[in-house]
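These notes concern the structure reproduced below.
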DNA sequence: GTCGCGATTTGAACATCGTTCACTGATCCC
DNA sequence: GGGATCAGTGAACGATGTTCAAATCGCGAC
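Protein chains in written order, with our numbering: chain Y, 1 to 208; chain D, 209 to 416.
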């Protein structure tokens, strides 16, 4: 029953990740069963373990591909000239993306590896790549000697946007629909950046 | 083998939630096994199901108690006079809390009920209670006719703080330790609120 | 053309999971 | 004292992730 591989080993890997993504998008983490996945790939459960160490590794691969897709979307966007518009554009891409793949997106954020297991480096690298993209767009707003401040602002904005998307996808922000999450994001970016600009003028004697 | 209840039925409920919290804090969601929980409570697995519909309900009760503890901590805090300080105080309580119970906190955010199941109302109510506390502290910053803006700002700040805590606890913010998450939070609150104040002066002709 | 090596896939088997339910026996009411 | 009641039980069920000895066939050697 076993050809010498009817499709290159990498192709099999791809088919498994494809099938896993479809299952995750449709039924969430609980739906991703070794047997269900194997059936969709038309192989036996054991075969999965010839290609991946365990199901978590399959999930990690789905997540990685999702992050790549987001990165690509950001890279494809026509770059906006003004930092404010550039950051806003990124934030909205992020928001749209999280609502386009809500199930997969939640899994990306929620999926915690068992006890000792740490997130693999190649996974963390993709996250900080995104962070770097925000940072790059913010640098023009800061003086040459203020890279530290730019890095800080990038992290604050990224985390803030992420928080809004996260709560919005999970439907945990009272009275905030997917529609109005966009309003929240605009407000966060615009108000926060306005706050940065307002910091430059000389301090008034009144404030500490 | 079964007395007519050796401890009131509510007491049993409490003991189960206690034990569940201990297990969750120590071993995470994966560690919470019906059998492990039963052993800790010194009863049989079946008994758990006389008191709770399933393990998810137990987890929800742990989460609820956690939210209550956070609410109490916020309520106990000596109220700060200036809105800025009050909001900052809340945000730092939130941050400290999430790092004091990192495992439980992650579970609270990550724990997704199976497919159709929606978060129970009593659970959502506790979340929006917290949101209301932020809102109450922000109201003084806005003119009487601007309650909508205050509500918006409350949601943005809450989501932003939540995002920082969430990424920080999950260790997903590159180069951001638990220590420096406090810096991010301060920056978010201060800069965002400065941005709100900066909005009040009449618009300059230059800006769209 | 055929043969056999070895890479590849298989699926039965294992331990463990959440959950159920027929049963037990201590307790209360009469 | 003697049912009736019901909290508590734990064996049993189906499904889970994972393993591994065995089965299978592609392919190079002759």
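We put the beta carbon where it would ideally sit given N, CA and C, even for glycine.
Nearest to residue i (by Cα), restricted to the options the options
i, options, result
"residue 367 (chain D)", "D:235, D:317, D:291", "D:317"
"residue 309 (chain D)", "D:399, D:241, D:374", "D:374"
"residue 341 (chain D)", "D:405, D:280, D:267", "D:280"
"residue 92 (chain Y)", "Y:10, Y:162, Y:112, Y:66", "Y:162"
"residue 332 (chain D)", "D:390, D:352, D:271", "D:271"
"residue 263 (chain D)", "D:276, D:277, D:246, D:406", "D:246"
"residue 61 (chain Y)", "Y:22, Y:76, Y:173", "Y:22"
"residue 66 (chain Y)", "Y:42, Y:98, Y:193, Y:12", "Y:98"
"residue 85 (chain Y)", "Y:130, Y:191, Y:107", "Y:191"
"residue 193 (chain Y)", "Y:128, Y:24, Y:127, Y:152", "Y:152"
"residue 128 (chain Y)", "Y:70, Y:168, Y:180", "Y:70"
"residue 90 (chain Y)", "Y:57, Y:126, Y:131", "Y:131"
"residue 403 (chain D)", "D:302, D:355, D:349, D:250", "D:349"
"residue 378 (chain D)", "Y:117, Y:189, Y:143, Y:197", "Y:117"
"residue 149 (chain Y)", "D:376, D:243, D:224, D:396", "D:396"
"residue 143 (chain Y)", "Y:74, Y:18, Y:197", "Y:197"
Span separating the alpha-carbon of residue i from that of residue j
i, j, result
"residue 372 (chain D)", "residue 164 (chain Y)", "11 Å"
"residue 1 (chain Y)", "residue 40 (chain Y)", "Residue confidence is low: residue 1 (chain Y) scores 47 on pLDDT, short of 50, so the model does not pin down where it sits. No coordinate-derived value is stated."
"residue 327 (chain D)", "residue 353 (chain D)", "34 Å"
"residue 199 (chain Y)", "residue 59 (chain Y)", "44 Å"
"residue 240 (chain D)", "residue 228 (chain D)", "7 Å"
"residue 380 (chain D)", "residue 215 (chain D)", "44 Å"
"residue 25 (chain Y)", "residue 104 (chain Y)", "6 Å"
"residue 28 (chain Y)", "residue 68 (chain Y)", "20 Å"
"residue 334 (chain D)", "residue 94 (chain Y)", "28 Å"
"residue 272 (chain Y)", "residue 243 (chain D)", "Only positions 1 to 208 of chain Y appear in this structure, which leaves residue 272 (chain Y) out of reach."
"residue 250 (chain D)", "residue 224 (chain D)", "10 Å"
"residue 30 (chain Y)", "residue 96 (chain Y)", "25 Å"
"residue 295 (chain D)", "residue 376 (chain D)", "19 Å"
"residue 283 (chain D)", "residue 76 (chain Y)", "48 Å"
"residue 329 (chain D)", "residue 180 (chain Y)", "22 Å"
"residue 226 (chain D)", "residue 355 (chain D)", "41 Å"
"residue 265 (chain D)", "residue 57 (chain Y)", "29 Å"
Rounded Cβ spacing between residue i and residue j (contact assumed at less than 8 Å)
i, j, result
"residue 209 (chain Y)", "residue 320 (chain D)", "In this structure chain Y extends from 1 to 208, so residue 209 (chain Y) is not present and cannot be described."
Proximity test, residue i beta-carbon vs the ligand PLP heavy atom, cut-off 7 Å
i, result
"residue 58 (chain Y)", "Looking at this structure, you won't find the ligand PLP or any other ligand, since it has none at all."
- Are the segment 391-400 of chain D and the segment 140-159 of chain Y touching by the rule of at least three beta carbon pairs closer than 8 Å? yes
- Task: Check whether the segment 248-258 of chain D touches the segment 217-232 of chain D, taking contact to mean three or more Cβ pairs, one atom from each stretch, closer than 8 Å.
- Result: yes
- On the three-pair Cβ rule with 8 Å, is the segment 137-144 of chain Y touching the segment 79-88 of chain Y? yes
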